[in-house]
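J.: According to the numbering used here, the sequence shown is numbered sequentially starting from 262.
One structure, pasted below without further comment.
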Amino acid sequence: MSIPDEEKRFDAVYKLVTLGEAAVGKTSLVNKYVTGKFDRDYRRTLGIDISTYDAKIENQLFKLLIWDLAGQDIFRDLRTRYCQGASGGILVFDLTRPQTLETIPRWVDAFREAVGPEPLLILLGNKADLEKNRKVTPEQGSKVAKELGLFQYDETSAKTGHHVTTAFNTLAKMMYNHHTQRRGPP
Ligand code: G3D
Ligand code: MG
């Protein structure tokens with residue numbers, strides 16, 4: 262049953278952005294999280310897609326505005342505006358293509374340059390279902406996340422749904438805790 266808009270009481274509204282190389286599965290992950298579907302016929306994103314999702318996590322209701330940008334370099338100039346106002350970012354690489362992990366530090370730099378050090382970032386090693394083609398170990402992913410001061414590292418599959426909801430929900434909860442702690446007691 263859907264709740265009429267005026268009756269919704271959000272505990273928080275957050276903008277999230279996806280970051281990472283082309284074809285690592287950013288759009289598929291967002292689609293999977295938002296609709297629970299993995300769309301095989303998905304075609305490369307051409308601009309920015311904004312998905313809104315009302316996430317009920319434990320007793321809280323969050324509105325997530327998930328901005329999803331195509332990975333092409335022609336969008337470089339747009340990146341500052343793309344990231345502005347974001348409370349969090351989802352960095353994605355492809356577990357079958359190590360070069361997509363190698364560029365993660367650059368995405369982190371670009372993001373932090375645009376919005377500062379405050380917003381929370383998580384790293385997802387995606388396509389975990391392609392176990393036979395895996396070229397990045399869990400330890401390598403964790404190490405990069407740790408070195409860059411990211412909040413979490415997880416392996417996901419937009420195809421099977423493995424860890425997708427958990428990863429996004431964890432980020433939402435962490436943003437809430439982070440913001441609440443910063444505001445301090447009333
Ligand atoms: P992007 O938004 O990062 O550019 P997309 O990536 O979401 O467009 O995904 C790129 C390709 O990877 C798509 O394949 C998509 O179906 C596939 N993909 C995304 N996530 C997964 C996953 O978890 N497992 C597997 N096996 N494939 C995935 P096509 O063939 O449509 O280009
Ligand atoms: Mg995309």
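We put the CB at the ideal spot given by N, CA and C, even for glycine.
Compare the C-alpha of T364 against each of K276, L277, A283 and name the closest.
T.: For the purposes of this step, residue 364 is taken as residue 103 along the sequence shown, with counting starting at 1. Among K276, L277, A283, the Cα nearest to that of T364 belongs to A283.
J.: Closest to Q413 by C-alpha separation, out of K317, L391, V353, R395, would be which residue?
T.: Within the sequence shown, numbered from 1, the residue matching residue 413 stands at position 152. It is V353.
J.: Say the cut is 7 Å; is the CB of T288 nearer than that to a heavy atom of ligand 2?
T.: Translated into the one-based positions of the sequence shown, residue 288 becomes position 27. It does: the Cβ of T288 is within 7 Å (strictly closer) of some heavy atom of ligand 2.
J.: Mind reading off the beta-carbon distance from Y343 to V425? Whole number of angstroms is fine, and I expect it under 8 Å.
T.: Counting from one through the sequence shown, the residue named residue 343 turns up at place 82. Counting from one through the sequence shown, the residue named residue 425 turns up at place 164. With 8 Å as the limit, Y343 and V425 do not qualify as a contact, their Cβ atoms being about 22 Å apart.
J.: Tell me whether D355, by its Cβ, gets closer than 7 Å to a heavy atom of ligand 2.
T.: As a first step, residue 355 is located in the sequence shown; it is residue number 94 there, counting from the start. No - ligand 2 has no heavy atom lying nearer than 7 Å to the Cβ of D355.
J.: Is the beta carbon of S312 within less than 7 Å of some heavy atom of ligand 1?
T.: Within the sequence shown, residue 312 is the residue found at index 51, counting from 1. Result no, Cβ not under 7 Å from ligand 1.
J.: Compute the Euclidean distance between the alpha carbons of T288 and V274, then round it to the nearest angstrom.
T.: For this step, residue 288 is matched to residue 27 along the sequence shown. For this step, residue 274 is matched to residue 13 along the sequence shown. Cα to Cα, T288 sits roughly 21 Å from V274.
J.: Going by DSSP, what residue range makes up the alpha helix (DSSP H) through L362?
T.: For the purposes of this step, residue 362 is taken as residue 101 along the sequence shown, with counting starting at 1. Looking at the DSSP string, the run of the alpha helix (DSSP H) that includes L362 is 360-363.
J.: Return yes when at least one heavy atom of ligand 2 lies under 7 Å from the C-beta of D329, else no.
T.: Position 68 of the sequence shown, counted from the start, is the residue given in the question as residue 329. At least one heavy atom of ligand 2 is nearer than 7 Å to the Cβ of D329, so yes.
J.: Helix, strand or coil: how does DSSP classify F372 here?
T.: Within the sequence shown, the letter at position 111 stands for residue 372. Three-state DSSP puts F372 in a helix.
J.: Mapping the DSSP letters down to three states, classify V274 as helix, strand or coil.
T.: Walking along the sequence shown from the start, residue 274 turns up at place 13. In this structure, V274 counts as strand in the three-state DSSP scheme.
J.: Kindly indicate the opening and closing residues of the beta strand (DSSP E) around N387.
T.: Against the sequence shown, residue 387 aligns to sequence position 126. First-last of the beta strand (DSSP E) with N387: 381-387.
J.: Here's a check: name, in chain order, each residue in its chain whose Cβ is nearer than 6 Å to the Cβ of I327, leaving out the five neighbours to either side.
T.: By one-based count along the sequence shown, residue 327 stands at place 66. Contacts found: L277, V291, S312.
J.: Let me check understanding here. Comparing Cα to Cα, which of M436, H439, G386, Q321 lies closest to Q360?
T.: Along the sequence shown, read from residue 1 onward, the residue named residue 360 stands at position 99. The residue with the shortest Cα to Cα distance from Q360 is G386.
J.: Could you compute how far the alpha carbon of A371 sits from the alpha carbon of I383?
T.: Counting from one through the sequence shown, the residue named residue 371 turns up at place 110. Counting from one through the sequence shown, the residue named residue 383 turns up at place 122. Rounded to whole angstroms, A371 to I383 spans 15 Å at the Cα level.
J.: Whole-angstrom Cβ separation of A486 and Q401, contact assumed at under 8 Å?
T.: The displayed coordinates of the chain run from 262 to 447. Any statement about residue 486 would go beyond what the structure contains.
J.: What number of angstroms, rounded off, separates the C-alpha of I309 from the C-alpha of I351?
T.: Walking along the sequence shown from the start, residue 309 turns up at place 48. Walking along the sequence shown from the start, residue 351 turns up at place 90. If I take the Cα positions, the gap works out to 15 Å.
J.: Are E416 and A389 close, meaning C-beta to C-beta below 8 Å?
T.: Position 155 of the sequence shown, counted from the start, is the residue given in the question as residue 416. Position 128 of the sequence shown, counted from the start, is the residue given in the question as residue 389. Yes, these two residues count as a Cβ contact at 8 Å.
J.: Reducing DSSP to helix, strand and coil, say where S312 ends up.
T.: As a working note, residue 312 is residue 51 in the sequence shown. S312 falls in the strand class under three-state DSSP.
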